[in-house]
Structures are given as C-alpha cells and as structure tokens.
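Right, one structure below, let's go through it.
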Amino acid sequence: MKFRSEQAELSEALGALARIASARGSSAPALAGIRFALQDDTLTLSSTDLDISLQFTLSVGGDKNGDGLIGATLINDIVRSLPSGKVTLDIGADSANITGVKAQFSVPVMNAVDFPRTAPASANPVTMQAAVLAHALGQVVGAASKEPAKQHLTAVQLSAGQSGLCLAATDSYRMAIKDLPGINVLTFGQSYLIPSRALRELQRLLDANEEIAIRFGEIETTFETSRLQLTTRLINANFPNVQSFIKAAYANKFTTAREPLIEALRRSRVLARENTPVKLTMGANGMRIEVQTNDQGTSTEDIEGQMSGAELTAGFNPDYVREGIEATAGDEVTIEMNEPNQPAVIRGVGDPTFTYLLMPQRV
Amino acid sequence: MDAFFVSVELLRRPDLLGQPVVVGGTAGRGVVAAASYEARRFGVYSAMSSSHARRLCPQAIFLPANHSLYQEISHQLHDILISFTPLVEPISVDEAFLDVTGSEKLLGSAEDLAWMIRGRVKDELQLSCSVGLARNKFLAKLASDFAKPQASARGIEPGHQVYRVVPGAELEFLHPLPVKALWGVGPVTLKKLESIGIRTVGDLAALQESDLQAAVGMSHGSHLFALGRADDDRAVEPDRVAKSIGHEETFSVDLITTQELRDEIVRLSEAVARRVRRAGVAAGTVLLKIKFSDFQTITRSVTPRSPITTGPAFVAALLPVLATIDAAQGVRLLGVHAQKLGEPNSPMRLFGDDGDSVEEIEQQWSATNEAVDEIVSRYGRQAIRPASALSDHTAPGDSPYGPDEFD
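The listed protein sequences derive, respectively, from chains A and B.
Offset between the first sequence (1-based) and the working numbering: plus 726.
Offset between the second sequence (1-based) and the working numbering: plus 1190.
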C-alpha cells in the first residue's frame, strides 16, 4: 500500500493510537502495532489493547490499496519528528518506507495475523454535540481514580438524571458531577461505567463542530464521529450513589474570583508537597491560604472574597482543591461547607450544572 | 542522667544499692541495656552481650528492663528541663541539650542554672544527673561525659557533677581527650586514626584537613577536622523531629512460624505507632527488619499511599512483606521502624471503597486510636492492647530480652 498525507494530521492520529496500543506489554505482540489499511483515498488506522479500540479514518492521496502493521511507538516517533508538510508511506511485505520533507525512514513491518478485528457495539446510536460532551468530560474526568486496583473508581458514570444526562467521577477523596439537562441520550434508570482512560483520550480528540454518535452496548460502548471511532469495554461494578453526597443547603458559603484563587493555590503548591495540606481560612475578611511544612518553611497569602455564615478553617490536598476550582466555569466560584471535617462543595457562580465535592484533610 | 535505667530500677529496689546491677539481658541471650557504676568497675557496659557481662561480673544482679517506666520518667525529666528554657532538644531518653543563653538574665548564670537543674532532678525524680556547660553542643556533650562518675577497676570516682568548659579554654579541654571521645569516631575510624598515630584529639587537630580526609574520607575528614578545632555551630533545636522511630527485639527462643512472626509484628507495630502518634508525626515508610538464626539480616520497606499512624495500618502494610518471608530457619530478631516521618494528615474519604487497603485501615482506626491513647494515658499500657499480643506476657517495649531502640 502507498499513500500521501499531511504530517500534522497523521501525527495527531498516530499519537492517540500509540497511547492506546503501547499501554499493554508484550502479551500479544501485534497489540503493540498500529494497523494501516488503504482503500482508494480512505486510510483507516487502528490500534487496540483489547479494552479500548481506537480507529481513525483519514482522507489521503491513495496510490496503491493494501494494509500493514507497524510498531506504534516507532511510527509515532518517526512521523512526529518529521517537519510539517507532505509525508508518504509505502508499506510493503517486509518493510515500510516513510518519506517526509528531506528525511526518509525504512522500518520493519510487523506480522498482522494476530491483530484483532474489533467491531463497534451494535446498539442503536444516540447523538449529541461533541463540544458539549468534550466540555463535560473536561470537568469530570480528572476526579476519576488513576489506581488500577480500584477499577470501579477509574470509571466515569454516565447516567440518566432527572432532567438529562449526568456524568460523575470520584476517586473517593473528591467527586465531580456534571448535569447536562435536556440531553436525553439515556432513558431514566440507565447507567454505564466507562473507563476514564478511554474518555480522557476521547475528550482530547473531539472537534468542536461535529456530532458524536454513542452506541451504549451491554459490554461495550462506542463513540463515533466522522473521523474516529472509539470502542471501550464497560466496567461492571457498583458506583456510589452520587446524589446522596450533595446536601440541599450548606451553612457557610465563601465566594471569590476564580483566577486569583487558582493562582494563589498554584503558589502555595511550591511548599505544599504531596501530603502537605493547604489550610484555607474563610471569613468576612476574605480567605487566608497557608502552608506549613516541617522543614521546608511556610507560606501565607490573603485573597478577597465574601463570606456568608461563620468563619471556617479547613485543610485540603492542594492539587485536589485547585483542580476542583479549575473545573468550574465562570469568573467566580463558591466554596460551601458545614463543618471543617465534612465535604466542601465547589461550584461556579451562575452554573448549577457542575458540582465538585472534596473531602478536607486534618490540619 | 547517670546510669539512668539502673538508677530508676534501684528506686524500686533500694536493697540493691551499691551492688553491681545490670538492666536487660535477663533471658537466655540478649544485651545489656545499662550497668550500674559498680558493675562498670568490672568492665560491664551497655550493648555488651549478657553472657559476656556474666563472665566479667558473675555476681551482677540482672534485672529486666522496664522501658515504659523509663519513658515516663523521661517525660517528667523533660518537664523539669522545659521550665528552665523552652529551648530543650532531647537527644535520647535520658539526654538533652538546653540553650540557656536567654535564661541567664532571668534565672542566674549558666553554672547556677546547672546546679538548680541538678537539684530539681534530685528532689523530684530522686535521680542524679551530670551537666556539661560549653559554648556549643559538641563540647557540652563531652563536658557532661566528663562530669559523670567514673568507674574503673580501682573504684568509683564521684565526678564533677557540673563541668563547665571555660570560653577561650575549649582546646585545652578538648585536646587531651582520647580521639574516640569525638562523635563519629567508631571502631573503624578509630583503627584508621590509630594506624597513622592519632591517639588524642590534640594529635588529630595537628593534622592538615587534607591528611585527615585522606585517612578517613572526604566528608568524614572535614567533619572530624572541624570537631578537632571545637567547631560546631548547630543550634539547639527544640522541635527536632526524629528521623525514625522504631522497636527491635531479640527473642529468647527463635520464632519459626508465620503466625508467631505476625503476632510479634502486631505487638511491635502497636508500640511504634503509639510513639509515632505521641511525637505528632506520621510514618511515610514502614520498615521491617528480620535477623535470622544464622545472623543473616534483611530489611524490607513499604511506602503506603499516604502516611500512617495506627498499629493496624502498620500491620496491613507489612503483611504482604511477611508473606514473602520464610521463617522456617528461625527468626532471632524482629524490628519495626517508622521512617520518612512527616505531618500526620492522611486524607479523609467521602466514602469507604470496601477494600482493605492500608489507607482505609488507617482511616478506620484513627478515631479508635484516639480512644486507645486516652485509655493508655489514664490507665497505662497494660490496660489495652491488641488481642494477638495478649498471648505474650510482656507489653510492647517491656521485653526483658534486649534493647528497644529509643531514637
């Protein structure tokens, strides 16, 4: 097979495919490859680690139909390193030649016999705006656990809420919840646990101005746009009852500008190492942000804000609290709490659709 | 403190006053934790194996160590010291540095203070101590050793009780001392130094820094060079955080089953965790030390996701390690150490995640431990302890067999 493509377009696809392909070791060598298949001017690129399968469809200048498998890391590194401009791939039986502006590579081709053929979930598709899904994922995916041992918490839950689609993720220290009222892709009572790794990848790849089709299957779910198709195995486990964590009202509420708070929390992180909490004192005179370490010194910063309720001091993991604030939309944020040892609730002012719950740390 | 462990025991056994008394090493094997000056006349010293001590001084009376009592008295001692200056840096269960620069105006000269401290320790604890005064920590420590009673084959010299290294006369005090009196001169360094003809600190001070570095290594050489000139600018640090907290125990009979090891780990973990909590810190890493019957020693460390402070969390962290240990050949010594000590601020969770992770156990036990600590502080250590530790007649840290470490 032989085709011409643009370096930038090809590189973006290969980067995502390589992240999926190289994730699992050497149990099956073919899984470390990216499959190239050319039919006229349509190039289909695919990789899989058996849990997640990713497929790109690119328009290229086709020369000779055919297919071949190339090591994912290798082809990704090569194409990424090439200058922008035209790239030609000529994949033969034994070797593949990659020719970019000025440079040429020749690399071995892998045995494609063991490369699994995956079919998308067969369920009927539902559609929504890709931009809406991407924004919602950006707000919640970060709260999912990254520990493989807690598999059910590595998922993002997509469920049908009272008014529409609800996305939720938690690593048990914090929980991010996003409501998308009016998006009725699921019917009431339906709920799916989708690996956050797949959604993180999906979020990166979605284009703003397109529709995404979702096929919710029994064991797999597929996300499809005009140029990509991502199929992921679902996680079968119990997820915490999200709504039970949110109280209708909180006694104390602090409101402040979002950007200055994020900047102050970033600064405090200089001293606050992994397990050092940042101490937030919220009162009528604003918020004091303090870090005290055993041996690396202390930091203090005051920012402005309004308090309703009583003055309150609570400690937080510096990253978790900053990520929560960053996930809100709008120029102002509120932090609501009942007690210093009960969860804090972070929301953007004027945006009732996103809620970030965060457990404090003892200080 | 002068012969601290022994002096404490003699308060309870006044009938043994004036006799050679050894604390520790009462079981079949083990080591001497402390020796009375009468026993030291025969050459018995702490850290010596008890069998050796028995040979040197067959008439010595061996008493089991009672570390919880020593700890308690150590706290009382600290309370006395802190009333003279807030700048108290404890360096062991019975030694501390005090910076009295600021107290002199209020309470009198440093020498007066030293005698006042000695008097209060005598009155309130019925124990005697020796005080060294000098312009830095290094010299003060040497001065306190100099002030102590000295035991030799000829008899027991009472000692100066308070000894002051007069400012300006530091080198006159320091240079005649044997070189092994310096911190950092252990048997290996001592041998190296003796091989180049160094016997006293004065000999050492006469060397060039480069010669010293050539003999004992770069950093060690410059360290000793500074000490030889009485240079030590470290401040008295009242909040000095211990680098590690641990307990080790040599057993009178080798442990051979995993269950036995597990029970002992539970016991040691409970004791270490309690000290970790009392120090107001949390363990970033837990280390298990095992010495087999053939003296082969292994250490394994575990770093939980977040720092821990509870015995059950220590145990949960160490159990996977224990599973890899074959105890069949016999385990002679076990040690549990808390390391990478930091702030005790393990994160709280929104909900449990029905696993039995170390963290989760830590969280579950945090509240319980507050109650346990309260009970212990009111009724003593014997009042409450893990059920698996009940099979043993000793409480953690009260082993008669060998030294527990006090960091």
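Where is the CB? At the ideal position from N, CA and C, for every residue including glycine.
Predicted model, so just to flag it, every value in this text is computed and none were measured.
With contacts defined as CB atoms closer than 8 Å, I920(A) and T947(A) qualify as a contacting pair. Annotated three-state conformation of H1365(B) is coil, per DSSP. Per the DSSP secondary-structure output, V1071(A) pairs in a beta bridge with E1062(A), L1083(A). Three or more pairs of CB atoms, one per stretch, sit closer than 8 Å, so the segment 934-953 of chain A contacts the segment 838-854 of chain A. Counting only the Cα atoms, R1452(B) lies some 24 Å from G1215(B).
With contacts defined by Cβ atoms closer than 8 Å, F762(A) and D789(A) do not form a contacting pair.
Residue contact check for F1541(B) against chain A: a CB pair falls below 8 Å. Fully contained in the segment 856-924 of chain A are the following beta strand (DSSP E) runs of length 3 or more, in chain order: 881-886, 890-896, 900-907, 917-921.
With distances taken between CA atoms, T1499(B) lies nearest to A1528(B) out of T1440(B), P1366(B), A1528(B). No Cβ of chain B is located within less than 8 Å of the beta carbon of L991(A).
Spanning the alpha carbons of P809(A) and G826(A) requires a straight line of approximately 7 Å. Boundaries of the alpha helix (DSSP H) harbouring I746(A): 733-747, taken from the DSSP string. Apart from the 5 residues on each side of it in sequence, K1331(B) sits with its Cβ closer than 7 Å to the Cβ of G1322 in its chain, given in chain order.
In the displayed model, F1485(B) falls within coil according to three-state DSSP, outside both helix and strand.
Contact between the segment 1016-1025 of chain A and the segment 1047-1055 of chain A is absent: fewer than 3 CB-CB pairs across the two stretches fall below 8 Å. The three-state secondary structure of R926(A), taken from DSSP, is helix. Three or more beta-carbon pairs separated by less than 8 Å link the segment 1269-1276 of chain B to the segment 1305-1320 of chain B, which places the two stretches in contact. If you compare the alpha carbons of L1458(B), T1475(B), L1512(B) with that of I1446(B), the shortest gap goes to L1512(B). If you look at H1527(B), you'll find it isn't in any alpha helix (DSSP H); it sits in the beta strand (DSSP E) that goes 1521-1532.
If you draw a straight line from the Cα of E1062(A) to the Cα of R923(A), it comes to about 30 Å.
With contacts defined as CB atoms closer than 8 Å, A1461(B) and P1534(B) fail to qualify as a contacting pair. Here DSSP, grouped into helix, strand and coil, assigns E1549(B) to helix. R1490(B) is not a Cβ neighbour of L1509(B), given a cutoff of 8 Å. By the Cβ rule, the segment 1195-1214 of chain B does not count as touching the segment 1012-1020 of chain A, because fewer than three pairs are nearer than 8 Å. For K1005(A), the enclosing beta strand (DSSP E) starts and ends at 1004-1009. Taking a beta-carbon distance threshold of 8 Å, M1538(B) counts as an interface residue toward chain A.
For A1053(A), there is no enclosing beta strand (DSSP E); the enclosing alpha helix (DSSP H) has its first and last residue at 1044-1053. Within the same chain, and ignoring the five residues on either side of F1363(B) in sequence, the residues whose Cβ sits closer than 6 Å to its Cβ are V1355. For the segment 1294-1374 of chain B, the full-length beta strand (DSSP E) segments reaching 3 residues or more read 1321-1323, 1340-1342, 1345-1347, 1352-1354 along the chain. Going by beta carbons, H1350(B) and G1374(B) fall outside the 8 Å limit. Cβ neighbours of D1289(B) within its own chain (closer than 7 Å, five residues either side excluded): T1275, L1277, V1426. In this chain, the alpha helix (DSSP H) harbouring K1382(B) covers 1377-1385. By a beta-carbon distance limit of 8 Å, L1540(B) contacts L1083(A). Their separation comes to about 6 Å.
Sequence-distant Cβ neighbours of S1483(B) in its own chain, meaning closer than 8 Å and more than five residues away, are D1444, Q1519, G1520, V1521, R1522. In the DSSP annotation of this structure, the continuous segment of the alpha helix (DSSP H) that includes M1408(B) starts and ends at 1408-1418. Taking a Cβ-Cβ cut-off of 7 Å, the neighbours of L1083(A) in chain B comprise L1540, given in sequence order.
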